[in-house]
Amino acid sequence: MNLSLPRAGRASDRPASPFPPLGMRRPMWLALIALVAAAFVASLALGAVRIPLDEVLRALAGGQASKDTWQTIVLTFRLPKAITALLAGAALGVAGLQMQTLFRNPLADPFVLGISSGASLGVALMVLGGAAVSASVFGRTALLGEFGLVTAAALGAAAIFVVVLTIARRVQSVVTLLVLGLMIGYLTGAVVSLLIYFSIPEQVAAYINWTFGSFGGVTWQQMRVFAPALLIGLAAALAGVKPLNALLLGENYARSMGVNVRAARWWVTASASLLAGAVTAFCGPIAFLGVAVPHLCRALFATNDHRVLMPAVILLGGALALVFDLIAQMPGARFTLPINVVTAALGAPIVLWVILRRQSFARV
Amino acid sequence: MNMFWSRHSHRPEHARPSGAAPDQAAGSSSAPAALKARDLTVGYRQGTRTRVVNRGLNLCLRRGTLAALLGPNGAGKSTLMRTLAGLQPPLAGEVWLDGRPLRALSANELARNLAVVLTDRVDAGYMSAYALAALGRYPYTSWDGRLSAEDEAIVQEAMRAARCESLAARAASELSDGERQRVMLARALAQQTPIVLLDEPTAFLDLPRRIEIMHLLRDLAHDTGRAFLISTHDLELALRFADELWLMAADGAFSVGAPEEVSARGDLLRAFAAEGDEVQRYLQGIHR
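Chains as they are written, first to last, in numbering that gives the first Met the number 0: chain A, 0 to 363; chain B, 0 to 287.
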């Protein structure tokens, strides 16, 4: 404005500032929230039985739907399932984002740390090894069986979690941690293969069925464990967002800017393991959401700033899980596809598209 | 580019404080020491085995000066830089920062006193150059890393000082080596530290960009009172622009002084004494 003073530019910089805004655009937030809400309501209304929207909302609001069966379907089956999908999608996306940044590897996801392998091992030991005790254990309808499955998976995930955390505290290099996770995966894979080899077909079928993944297995009873575990993990991830930005430059730079790298790594490992472990225990090993969602968010928001990415991943991860689950149910059809069929079939092309579209990203 | 040269063309060459008193071994200026080390042994410790890279180093980095660490590959320049930056502990001796031992500082305190520009590859992906430079505010922001208006002003000032404000909106992954080096320098300046260490800031740059960076660093040192230490292989540029040379010979000998002084003493030839005749003749040519 004041041309006589060359330094007076500060205020008049505003209109044509060369500096781009650091935050994120509000319309994108609103769009994401609307997407989550729409996917959530749709997943309550659609399925083998189609329920009118107003009836769904009435049942949700505490009123009585015009048919008792609708009331039951919405409140007993679809609501916990929708909540599960929402939380699981958010959790897997967040864990993936944390892993990708910590390991500086665009392909890292919750499976990398071996947590999911641990859960698989737990389930394999229980279904294949312990099934001899009682045939009802792996019956999909038996409540005891469901609970046992979850317990086994949670124990397996937790065991690996403790091992990884113990080693992560001593290990200097992130690459070592990465290799550690991979090796744990191979080791558990070997044990699982061994168990499968010596098992009868029905037991193998029960195990395979678990590996297909499902959001529908979490009852209200189990939700009391599942939801708090994931909410704690998500809160921890949000609280630990600052060091992730510095870690984008690598550990040396991060340390030089005041990051306690070891503490940050521990925090990330702990929250990602809790999130991935809980989801795998209750829903089975869900593929691709953990890799795909962070990439999608980076492309959508054109940023690497975790203060933006973390909430974006939570919203988009939840929305995508809901949508994928809807697709898996094939509304109107009488059968349901395994969720992993849908996440892999749609997730892999998404990752490909994102990487090819943005060439500079191939170098990351 | 033109602005860059025109701004500095009027600066008299003898304005360098190093020209004033070429008689002191530890440094030619009487400016206060920012970083000091006595009897420092640097190297690596793995388990019970230690590998000493250099021992008995006495050094002093003063405010308002640009010091250049020179020496053949393998002499231990990077090890010394990493030790001075607090990225690895010394095997013996102590690094002092403003009279306090470096290792007694918290990570945050250290980050407020000492910034580094490393040779580590930076794959910042979608980040804008501005966001990359803004990471320098890390030690000053609260738990969520949000930048205040004042923080942003500091970052913008740093980008102007490093002559890269026109790059602000560019994606960090699309910057050339020279551009990225300046953005990383802006990030270090935004950290507002009295000391800045740069590991081979001129590596991978073409000659004009090397001259620009050296010029910029010297001016920043003199204008802002910060202490800059660079490690470099650019002998001639270092002789021309640095206030002080730190020479590290392959045999571990370490000598310090203003460029004129170092030349006069023949330290340069001694530092590269292990090299062949061609190198010796070339070095003699450089300082006549």
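Backbone N, C-alpha and C define an ideal beta-carbon position, used for all residues, glycine too. All values derive from a computational prediction rather than experimental measurement.
**OP:** Could you list the residues in the region 245-274 of chain A with a C-beta less than 8 angstroms from some C-beta on chain B, going in chain order?
**Re:** Within the region 245-274 of chain A, the qualifying residues are A245, L247, L248, G249, N251, Y252, R254, S255, M256, G257, V258 and N259.
Subject >> Against chain B: residues of the region 295-323 of chain A by CB proximity under 9 angstroms >> reply: In summary, the residues of the region 295-323 of chain A whose CB is separated from some CB of chain B by less than 9 angstroms are R297, A298, F300, A301, T302, N303, D304, H305 and R306, in the order they occur in the chain.
**OP:** Just the C-alpha distance for A/V93 and A/W265, rounded to the nearest angstrom, thanks.
**Re:** Against the first sequence, residue 93 of chain A aligns to sequence position 94. Against the first sequence, residue 265 of chain A aligns to sequence position 266. Whole-angstrom Cα-Cα distance: 16 angstroms.
**OP:** With DSSP collapsed to three states, give me the class of B/D38.
**Re:** For the purposes of this step, residue 38 of chain B is identified with residue 39 of the second sequence, where counting begins at 1. Three-state DSSP puts B/D38 in a strand.
Subject >> Collapsed DSSP secondary structure at B/E199 in the structure displayed >> reply: In the second sequence, the residue the question calls residue 199 of chain B occupies position 200. If DSSP states are grouped into helix, strand and coil, B/E199 belongs with coil.
Original post:
Which same chain residues, not among the five before or five after A/A323, have their C-beta less than 7 angstroms away from its C-beta?
Top reply: In the first sequence, counting from the first residue as 1, residue 323 of chain A sits at position 324. First, the amino acid is wrong: residue 323 of chain A is Phe here, not Ala. If we look at A/F323 and ignore the five residues flanking it on each side, its Cβ neighbours are I338, V341, T342 and L345.
**OP:** Would you mind reading off the limits of the beta strand (DSSP E) that contains B/C59?
**Re:** Numbered from its first residue, the second sequence carries residue 59 of chain B at position 60. That run of the beta strand (DSSP E) goes R48 to R61.
Original post:
Hey, B/L86 and B/L60: beta-carbon distance below 8 angstroms or not?
Top reply: Within the second sequence, residue 86 of chain B is the residue found at index 87, counting from 1. Within the second sequence, residue 60 of chain B is the residue found at index 61, counting from 1. No, they are not a contact pair.
Original post:
What number of angstroms, rounded off, separates the C-alpha of B/R208 from the C-alpha of A/A37?
Top reply: As a working note, residue 208 of chain B is residue 209 in the second sequence. As a working note, residue 37 of chain A is residue 38 in the first sequence. Using only the alpha carbons, I get a separation of about 54 angstroms.
Original post:
Where does B/E274 fall in DSSP's three states?
Top reply: Position 275 of the second sequence, counted from the start, is the residue given in the question as residue 274 of chain B. Of the three classes helix, strand and coil, the one that applies to B/E274 here is coil, per DSSP.
Original post:
Taking just the CA atoms, how far does B/M247 sit from A/L273?
Top reply: On the first sequence, position 274 is the one that residue 273 of chain A refers to. On the second sequence, position 248 is the one that residue 247 of chain B refers to. Cα to Cα, the separation comes out at about 50 angstroms.
**OP:** Find out if the Cβ-Cβ distance for the pair B/L293, B/T201 is shorter than 8 angstroms.
**Re:** The requested residue 293 of chain B is not part of the displayed model; chain B covers only 0 to 287.
Original post:
Would you report the Cα separation of A/T68 and A/G257, rounded to the nearest angstrom?
Top reply: For the purposes of this step, residue 68 of chain A is taken as residue 69 along the first sequence, with counting starting at 1. For the purposes of this step, residue 257 of chain A is taken as residue 258 along the first sequence, with counting starting at 1. Roughly 58 angstroms separates the two Cα atoms.
Original post:
Starting from A/A291 and walking both ways along the alpha helix (DSSP H), at which residues does that stretch end?
Top reply: Within the first sequence, residue 291 of chain A is the residue found at index 292, counting from 1. Note, A/A291: alpha helix (DSSP H), L288 to F300.
Subject >> Anticipated Cβ contact below 8 angstroms, B/L69 with B/V255, distance rounded >> reply: Within the second sequence, the letter at position 70 stands for residue 69 of chain B. Within the second sequence, the letter at position 256 stands for residue 255 of chain B. About 11 angstroms separates the two Cβ atoms, so there is no contact after all.
Original post:
Any chance the CB of B/G124 is under 7 angstroms from a heavy atom of the ligand FAD?
Top reply: Annotation note on the ligand FAD: not contained in the displayed structure, which lists no ligands.
Subject >> Rounded C-alpha distance that separates B/E277 from B/D198 >> reply: Within the second sequence, numbered from 1, the residue matching residue 277 of chain B stands at position 278. Within the second sequence, numbered from 1, the residue matching residue 198 of chain B stands at position 199. Cα-Cα distance, rounded: 27 angstroms.
**OP:** Taking B/M213 as part of the alpha helix (DSSP H), name the residues at either end of that continuous run.
**Re:** Residue 213 of chain B sits at position 214 when you count from the first residue of the second sequence. That run of the alpha helix (DSSP H) goes L206 to T223.
**OP:** Can you tell me which of the three DSSP states B/M247 falls into?
**Re:** Position 248 of the second sequence, counted from the first residue, corresponds to residue 247 of chain B. B/M247 falls in the strand class under three-state DSSP.
Original post:
Where A/P284 and B/N53 are concerned, what is the direct C-alpha to C-alpha distance, given to the nearest angstrom?
Top reply: As a first step, residue 284 of chain A must be located in the first sequence, where it is residue number 285. As a first step, residue 53 of chain B must be located in the second sequence, where it is residue number 54. Near 52 angstroms, if we compare the C-alpha coordinates of B/N53 and A/P284.
Original post:
Closer than 8 angstroms, CB to CB, is B/V115 near chain A or not?
Top reply: For the purposes of this step, residue 115 of chain B is identified with residue 116 of the second sequence, where counting begins at 1. Yes, contact with chain A.
**OP:** Mark A/P200 as exposed unless 16 or more other C-beta atoms lie within 10 angstroms of its C-beta, in which case mark it buried.
**Re:** The sequence position of residue 200 of chain A within the first sequence is 201, counting from 1. Taking a 10 Å sphere around the C-beta of A/P200, we find fewer than 16 other C-beta atoms and assign the residue as exposed.
Original post:
At a Cβ threshold of 8 angstroms, is A/V240 touching chain D?
Top reply: The structure shown contains no chain D; the protein chains it does contain are A and B.
Original post:
Would B/A226 count as contacting chain A if we go by Cβ distances under 8 angstroms?
Top reply: Within the second sequence, the letter at position 227 stands for residue 226 of chain B. Judged by the 8 angstroms Cβ criterion, B/A226 is not in contact with chain A.
**OP:** Could you tell me which residues DSSP puts in a beta bridge with B/Y43?
**Re:** Within the second sequence, numbered from 1, the residue matching residue 43 of chain B stands at position 44. The partner list for B/Y43 (beta bridge, DSSP) reads B/R50.
**OP:** Report the partner residues of B/G256 according to the DSSP bridge assignment.
**Re:** Counting from one through the second sequence, the residue named residue 256 of chain B turns up at place 257. B/L244, per the DSSP bridge assignment.
Original post:
If you check the beta carbons only, do B/S127 and B/A171 fall under 8 angstroms apart?
Top reply: Reading the second sequence from its first residue, position 128 is the one you call residue 127 of chain B. Reading the second sequence from its first residue, position 172 is the one you call residue 171 of chain B. Closer than 8 angstroms, so yes.
Original post:
Which of the three DSSP states, helix, strand or coil, is assigned to A/A332?
Top reply: To locate residue 332 of chain A, count along the first sequence from 1; it is residue 333. It is coil, neither helix nor strand.
**OP:** Could you spell out where the alpha helix (DSSP H) holding A/F211 opens and where it closes?
**Re:** To locate residue 211 of chain A, count along the first sequence from 1; it is residue 212. Segment P200 to F211, the alpha helix (DSSP H) holding A/F211.
Subject >> is_contact[A/F18, chain B] using C-beta, thresh 8 angstroms >> reply: Sequence index remark: in the first sequence, residue 18 of chain A carries index 19 (1-based). It does; some Cβ of chain B falls within 8 angstroms.
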